[in-house]
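Numbering (our numbering), first residue to last: 8 to 106.
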């Protein structure tokens, strides 16, 4: 079992900053974003992309620039609060990396 608590308390387990990106060609965008130094993880979350950028702040411009340089139009980049799925992904990654 990864975590057992109320949804509110489970969401507190993720301390990293998460960004949401709306753009076309999500698969290509994730491939580009995974190569950007400030991005710890990038994954498709339904019709959008979620990014974990660790403790880094104010990275929206850098993310937009990376996508623009790969000819991927970006409609929206926004700092978000984690969903339960985001927390689950983060905890699984930490467990797999031994943290």
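We put the beta carbon where it would ideally sit given N, CA and C, even for glycine.
Cβ neighbour criterion (16 or more within 10 Å) applied to residue i
i: residue 93; result: buried
i: residue 97; result: buried
i: residue 99; result: exposed
i: residue 78; result: exposed
i: residue 51; result: exposed
Residue i versus residue j - alpha carbon distance
i: residue 80; j: residue 28; result: 11 Å
i: residue 46; j: residue 103; result: 18 Å
i: residue 69; j: residue 13; result: 35 Å
Of the listed residues the options, nearest to residue i (C-alpha basis)
i: residue 62; options: 100, 52 and 26; result: 26
i: residue 24; options: 40, 75, 32 and 48; result: 48
- Task: Please specify which runs of the alpha helix (DSSP H), each continuous and at least 4 residues long, are wholly inside the stretch 19-100, giving them in chain order.
- Result: 33-40 and 67-76
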